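Reviewing the structure listed below.
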Amino acid sequence: MKSCRIAILGATGAVGRTMLQVLEEQTDWLIGPVKLLASPRSAGQNLMFKGQPLTLEAVSEDSFADVDVVLGAVENELAKRWAPVIVKAGAVFVDNSSAFRLDPDVPLVIPQINPQDIRTHQGIIANPNCATIIALMAVAPIYRLSRITRMIVSTYQAVSGAGAAGLAELKRQIAQLEAGQPVSAETFPVQIAYNLIPQIGGFDKQGYSSEEMKLQNEGRKILHDPALRVSCTCVRVPVLRCHSESITLETEREVSLDEVRRAITEAEGVVLNEQPYPTPLACTDQDMVEVGRLRRDLASEQGIALWCCGDQLRKGAATNAVEIVRALWQGQEV
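To convert, note that position 124 of the sequence shown is 231 in my numbering; the numbers rise steadily by one, no gaps.
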């Protein structure tokens, strides 16, 4: 198998840096030269990869001629700007933004759930939203037992989900409070320190935030189930890293908790943790999604309730993207 030449577009951000870290950890497939692309102001800086410095290059029209796959860690507008250039150069764009997730011609992939969709790509493969990945990794083993008809989800999303600015704002506000100073809110709509904010993204006419609609819209596409119903409340919490989710779901047929435990235990990429339960702190810098607090829903005979946690920078973003590349590359070489 020949090595895969990879570029990271947006290498200086939190997701881009984590992509580089995850690539460095790969041992079961060959990775060729890695190119780091960013804005002109970051050009010339170095990031370490396998003990050697890699110099950041300013992205240009000529950046993609010598790569096989581009991992995208940029905002929507930049993803849209560079996607056609990448595809024209003959590379595959694995994009972490939301720009192409609901495009009917672009596969939206979690490799443990719908790897077959990778084969349908036309040059672009979309990486799902972080909260979507964590939720579907937790419930997909149950879905395989019996179709899930309905989900009610509450997410508890770490400040680093809003990038370095979100992380800095929480730390700054805590310092301001401890010093008795006025608290300033810039990244989040209100104070996040010692607080909860039930808003991630703008609200639509129904009163749902953009983040809340992603789980239903993306879940339907990934599971190939346009009738899937999801009602979601997304909450920003003063946690540094890792998203947590409370999920109550209903299945078409009643499944036992023993069946559910067995299915989760046997599923790839998921860990059943009932000793005593998953926490965001324990899941930090891990690729596995942990599931716990399994119990019957007291309001529905066919309902199951659970709690799950996952690192939104790793499995919720960088690791899932690298897994897509690995599956794509190994599939091409078979």
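Here a beta-carbon is modelled for each residue, glycine too, at the ideal position from N, C-alpha and C.
Bear in mind the structure is a predicted one, so any value in this text is a computation, not a measurement.
Residue i versus residue j - alpha carbon distance
i: GLU359; j: GLU375; result: 23 angstroms
i: GLN280; j: ALA300; result: 6 angstroms
i: VAL441; j: THR134; result: Low confidence applies here, because VAL441 scores a pLDDT of 28, under 50, leaving its location unreliable; read the following figure in that light. So the two alpha carbons sit approximately 18 angstroms from each other.
i: HIS331; j: GLY120; result: 32 angstroms
i: VAL166; j: ALA292; result: 33 angstroms
i: VAL396; j: HIS350; result: 10 angstroms
i: GLN323; j: SER110; result: 37 angstroms
i: LEU116; j: ALA190; result: 11 angstroms
i: SER407; j: ALA206; result: 37 angstroms
i: CYS237; j: GLY270; result: 13 angstroms
i: ARG208; j: ASN183; result: 11 angstroms
i: GLU285; j: VAL297; result: 18 angstroms
i: THR294; j: GLY314; result: 21 angstroms
Cut-off 6 angstroms between Cβ atoms - residues of its own chain near residue i, not counting five sequence neighbours on either side
i: SER317; result: GLY308 and GLY309
i: LEU335; result: GLY326 and ARG327
i: LYS157; result: GLU131
i: GLN283; result: VAL290
i: GLU381; result: GLY399
i: VAL346; result: ALA265 and PRO387
i: PRO140; result: ARG112
i: PRO160; result: ASN153
Host beta strand (DSSP E) of residue i (start-end)
i: MET155; result: 153-156
i: LEU116; result: 111-116
i: ILE259; result: 255-264
i: GLY417; result: 410-417
i: VAL396; result: 396-403
i: LEU420; result: Where LEU420 is concerned, there is no enclosing beta strand (DSSP E), given that its DSSP letter is neither H nor E.
i: VAL377; result: 377-379
Short Cβ contact (8 angstroms threshold) for residue i with residue j
i: PRO387; j: CYS416; result: yes
i: LYS195; j: GLU164; result: no
i: ILE113; j: ALA245; result: no
i: LEU420; j: ARG400; result: no
i: ARG362; j: SER253; result: Before going further, note that residue 362 is Val rather than Arg in the sequence given. Against a cut-off of 8 angstroms, the Cβ pair of SER253 and VAL362 comes out as a contact.
i: ILE232; j: ILE241; result: no
i: VAL432; j: GLU352; result: no
i: PHE171; j: VAL199; result: no
i: GLY123; j: ALA180; result: yes
Boundaries of the alpha helix (DSSP H) in which residue i is found, first to last residue
i: THR340; result: Run containing THR340: none in the alpha helix (DSSP H); it sits in the beta strand (DSSP E), 336-343.
i: ALA226; result: For the sequence presented, residue 226 should be read as Arg rather than Ala. Here ARG226 belongs to no alpha helix (DSSP H), and DSSP marks it neither H nor E.
i: ARG251; result: 237-252
i: ALA389; result: 387-390
Residues of its chain near residue i, where Cβ-Cβ distance is below 7 angstroms and the 5 sequence neighbours each way are ignored
i: THR426; result: VAL129 and ASP394
i: ARG428; result: The sequence shown places Ala at residue 428, rather than the Arg named in the question. Closer than 7 angstroms at Cβ, skipping near neighbours: MET126, LEU178, VAL201, ASN203 and ASN234.
i: PRO305; result: THR340 and VAL342
i: ILE329; result: LEU215, ILE217, ILE220, ASN221, PRO235 and LEU243
i: GLU319; result: CYS339, THR340 and CYS341
Sequence-distant residues of the same chain with beta carbon closer than 8 angstroms to residue i, five excluded per side
i: PRO248; result: VAL367, ALA370, ILE371, GLU373, ALA374 and VAL377
i: THR227; result: PRO214
8 angstroms Cβ cutoff, residue i in contact with chain D
i: GLY314; result: Note that chain D does not occur in the displayed structure, where there is just one protein chain.
Any beta strand (DSSP E) of 3 or more consecutive residues that is wholly inside the stretch 133-219 = Entirely contained in the stretch 133-219, the beta strand (DSSP E) runs reaching 3 residues are, in chain order, 138-145, 153-156, 159-162, 176-179 and 199-202.
If you scan the stretch 282-350 from start to end, which runs of the beta strand (DSSP E) of 3 or more residues do you find wholly inside it?
-> Fully enclosed beta strand (DSSP E) runs of no fewer than 3 residues occupy 336-343 of the stretch 282-350, in order along the chain.
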